[in-house]
Amino acid sequence: MSSIKKLKKDINYIFGEVIDEINFKQLLNPEVAEEKVEELIDEAVAAYENFYQKIHAGRKAENVKSYFKNLTGEINEAVEKLMDKIESL
Numbered sequence: 017m018s019s020i021k022k023l024k025k026d027i028n029y030i031f032g033e034v035i036d037e038i039n040f041k042q043l044l045n046p047e048v049a050e051e052k053v054e055e056l057i058d059e060a061v062a063a064y065e066n067f068y069q070k071i072h073a074g075r076k077a078e079n080v081k082s083y084f085k086n087l088t089g090e091i092n093e094a095v096e097k098l099m100d101k102i103e104s105l
């Protein structure tokens, strides 16, 4: 179960960094609409919560190893999409 613990820590770190990046982008670009920034932060928090729930559901998966491998890929895709949205601010 140590890999699940590590995955939880990684998710906390990654989505914390994404939110920091959103806030940093707003500081560098004060003309960015605050509504867009808040939407992105809400989206990042929702993704974080979704993946955290999927971790807990994964313990009951039929093939745990492949479940978490796929989950890691989903996390990477979600972070890439969020980073693309941040860059487009």
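The letter at position 27 of the sequence shown is residue 43 when you use the working numbering, and the numbering goes up by one with no holes. Using N, Cα and C, we set each Cβ at its ideal position, and we do this for glycine too.
Between the CA atoms of residue j and residue i - distance to the nearest angstrom
| i | j | result |
| --- | --- | --- |
| V80 | G74 | 6 Å |
| F67 | K101 | 19 Å |
| E90 | P46 | 32 Å |
| E96 | A77 | 26 Å |
| E55 | N86 | 26 Å |
| E50 | I57 | 11 Å |
| L105 | A94 | 17 Å |
With 16 other Cβ atoms within 10 Å as the buried cut-off, status of residue i
| i | result |
| --- | --- |
| M17 | Low per-residue confidence applies at M17: pLDDT is 45, beneath 50, and the placement is therefore not dependable, though the value from the model is reported in the following sentence. That one is exposed. |
| F40 | exposed |
| A62 | exposed |
Cβ shell of residue i (< 8 Å), same chain only, five flanking positions each side left out
| i | result |
| --- | --- |
| T107 | Lying outside 17 to 105, the shown extent of the chain, residue 107 is not represented and no answer is given. |
| I20 | I71, G74, R75, F84 |
| M99 | V34, E37 |
Residue from the options whose Cα sits closest to the Cα of residue i
| i | options | result |
| --- | --- | --- |
| E103 | Y29, K52, Y64 | K52 |
| I30 | E65, L105, S82 | E65 |
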